Amino acid sequence: MTTPESDLPAGVPGRGAPESGSDRGVRPWKGWWTDLAAVASFVLLGFWVTARLWLRPSHGIRDNRTDQSQFEWMMAHGARVVTDFVYPFTSDRMNVPDSVNLMANTSVLSVSIPMTPVTLLFGTRASFLLFLTLGMIATATAWYLLLSRVVVGSRGPAWLGAAFCAYAPAMVSHANAHPNIVSQFVVPLIIWRTLRLAEPGRWLRNGVLLALAIVWQAFINLEVLLMTAIGLGVVVGALVLGRPELRRRARPFLAGLGAAAVVALVLLAYPLYVQFFGPGAYHGLSWLIRGYSTDLASFVAYSRESLAGDARTAQGLAKNPTEENAFFGWPLVVLVVALLWWLRRHAVVRGLAALTLLFGLLSLGREIQLNGRGTGVPGPWAALEGLPILHSVVPTRWALAITPIVGVLLAYGAEHVRALAARHPRARPQIRFAAATVLAMALLPILPTPLPTTRLDPVPAFVTSGAWRPYAAGGRSIVTLPLPDTHYADPLRWSARTGLDMPIARGYFLGPDTRPGRDRVALFSAPPRPTSEFFAEIRRTGAVPPITPQARVDAVGDLRYWRAGAVVLGPHRHADALRRGMTELTGIRPTYTGGVWLWDVRTLTD
């Protein structure tokens, strides 16, 4: 096993701890059984969080149905890249007649492509659910290996830190259909490869390996990659300042870092060009989304997905159930502050403290909120949110980056307790009892609960049977009612079921607002058209707006713009109003077939 200080410039704060307080000297077979038990516990936790989804095949994630539909669509796109050799970075199967810039969206190509066999054999729901579950398990396992082999050198403390990194409240919150965010298994790999850059004589090899890890993470989630880079920069800087003896390793480290930067930029140059300058690129998130900040009170509150949490309390402290990025609870906050004070003499801990403060302040957004109310006090983010790259970051997610910091601190603290107990054998029972009590008080309230689910409407037989195909011939699209957007994304799930063979108008994706004066900021769909707004109002209110001659002209014009072959209406709570609105707009009476109301509009759009 690698000792804490033998392999890295970014070593362990607890260097010099006696060997009796670590796993050094443990028989290899016993160590491997411990590793297997640790991974088995991560598997159990992963399936515990997603248990209801596995046990109820007809159900989906209750609190984020739209993102689940979007990720199922993305899994189908990854499979199509493999089977049909389609262009991976954009797609014309949504938002007809335009396309969607998938590099500017969560395309997760480094996962969806390898999971093609699962998608083809078992369907997009299965591949999405496996991605979500294995993402958490792999994240915990990767952190465990990094902490046990490189950072603290002990399996028990490493298990504690790794379990927190993968199953903390913020991570379970994002398990509400954000598999790209909970899948952080490449982050420990990037950290490990960064630490190996200081190894003499292997700067090129180590730089290339780091670059490959960076590219891998770039195709899972760029936001997490940005936060990892900033975090590593701060911690390495703290080490250089706090441990001058490490400066002699600067030459191989910088050479390897340069090699990693060059290789990563070469491999990512074209995809990033498509993302920022290609068709469908946008100029930052909307002002509303850039206002998603972390409420100051949420740091000491409990998440709705935690054992001690409840939805009523959490609702006023976060924008939605998927963005509960802090929610550590009072006991854990007190414990973290105590650990930072106890271990303050160590360079790594000082770097982690600075990083926690930085990420915490950035997450407060442009105006600090307290208990759901603005304080009038501007946050540091107000001066940064308009900068390139940063204008595409959701500010509250900076708090998410505190989770692995806390996990590492818990591992460090547990290792120091072991060392303390080893140095004072007579007080060992008391030390262990005190440590167990403190950990129970801090961590038991935030244990994860299974994600809530809801029954999804089955994909209509009109879609699964292929009855839509004649209406999509000749480059036509299928228009769904209501048209898909951030509030209604079932049509993406329908299209995914067909392997994206069924093209749909509009969609749920990030694309530029091309209306005059909007500066191409991101929208969660295509720019609105008269007919999409007409049916969006029916979806919101259940009432049919007044139908004017101009509305009928606009409807025909929009159907022609979308190259519509058919308009379909599946199960919806306002189905009667939607059906009446479409019929009165076009004068075409629908037929009920395959579980949908169908308007054949080819005579209008020819």
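Numbering (the numbering used here), first residue to last: 605 to 1210.
All C-beta atoms, glycine included, are put in the ideal place defined by N, C-alpha and C.
All of these numbers come straight from a predicted model, not from anything done at the bench.
Judged by DSSP in its simplified three-state form, residue 775 adopts helix. When secondary structure is reduced to three states using DSSP, residue 891 falls in the coil class, being assigned neither helix nor strand. No Cβ-Cβ contact shorter than 7 angstroms links residue 663 with residue 1053. Here DSSP, grouped into helix, strand and coil, assigns residue 1165 to helix. Excluding residues up to 5 positions away in sequence, 951 and 954 lie with their Cβ nearer than 7 angstroms to the Cβ of residue 846 in the same chain. Rounded to whole angstroms, residue 934 and residue 1017 show a C-alpha spacing of 18 angstroms. When the five nearest sequence neighbours on each side are left out, the beta carbons in the same chain lying within less than 8 angstroms of the beta carbon of residue 998 are those of 827, 889, 893, 894, 896 and 927, in order along the chain. In this structure, the CA atom of residue 850 is about 51 angstroms from the CA atom of residue 688. One thing to note: residue 679 has its Cβ no nearer than 7 angstroms to the Cβ of residue 737. Here residue 843 is buried. Its C-beta has 16 or more other C-beta atoms within 10 Å. Taking every protein chain shown into account, the CB of residue 1123 has fewer than 16 other CB atoms within 10 angstroms, so this residue is exposed. Non-local C-beta neighbours of residue 923 in its own chain, meaning closer than 8 angstroms and more than five positions away in sequence, comprise 896 and 1000, ordered along the chain.
Between residue 1006 and residue 960, the CB-CB gap stays under 7 angstroms. Between residue 773 and residue 911, the CB-CB gap reaches or exceeds 7 angstroms. Listed in chain order, the beta strand (DSSP E) runs fully inside the segment 1040 to 1108 are 1057 to 1059 and 1081 to 1085, counting runs of at least 3 residues. Within its own chain, the residues whose Cβ lies closer than 6 angstroms to the Cβ of residue 857, once the five positions on either side in sequence are excluded, are 801 and 802, listed in chain order. Comparing alpha-carbon positions, the option among 1186, 643 and 1138 lying closest to residue 747 turns out to be 643. Under the criterion of beta carbons closer than 8 angstroms, residue 765 and residue 1011 qualify as touching, at roughly 4 angstroms. Residue 741 and residue 652 have their C-alpha atoms some 11 angstroms from each other. At the C-beta level, residue 781 and residue 929 stay beyond 7 angstroms of one another.
In the same chain as residue 1125, and ignoring 5 residues on each side of it, the C-beta atoms closer than 8 angstroms to its own belong to 886, 887, 888, 889, 890, 891, 1116 and 1117, in chain order. Per the C-alpha coordinates, the member of 925, 1095, 966 and 920 positioned closest to residue 975 is 920. In the displayed model, residue 698 falls within a strand according to three-state DSSP. Take residue 956, set aside five residues on each side of it, and the residues of its chain with a beta-carbon closer than 7 angstroms to its own are 839, 1009, 1012 and 1013, in chain order. Counting along the chain, residue 1178 sits inside no beta strand (DSSP E), nor does DSSP assign it H or E at all. In the DSSP annotation of this structure, the continuous segment of the beta strand (DSSP E) that includes residue 979 starts and ends at 977 to 982. A contact is defined here as three or more CB-CB pairs under 8 angstroms, and the segment 1089 to 1103 fails this definition with respect to the segment 1196 to 1210. The beta-bridge partner set that DSSP reports for residue 1201 consists of 1173 and 1196. Residue 794: not part of any beta strand (DSSP E); member of the alpha helix (DSSP H) spanning 790 to 799, first to last residue. When 1137, 1074, 1099 and 1168 are compared, the shortest CA-CA separation from residue 1086 is found for 1137. Using a 10 angstroms sphere on the CB of residue 945, the tally of other CB atoms stays under 16, which defines it as exposed. Sequence-distant partners of residue 1042 (beyond 5 residues in either direction) whose C-beta falls short of 7 angstroms from its own C-beta, in its chain, are 939. Within the same chain, and ignoring the five residues on either side of residue 1195 in sequence, the residues whose Cβ sits closer than 6 angstroms to its Cβ are 1202.
Per the DSSP secondary-structure output, residue 906 pairs in a beta bridge with 932.
Excluding the 5 residues flanking it on each side, residue 1019 has same chain C-beta neighbours closer than 6 angstroms at 618, 756, 758 and 761, in chain order. Scanning 821, 1142 and 964 for the CA closest to the CA of residue 984 turns up 964.
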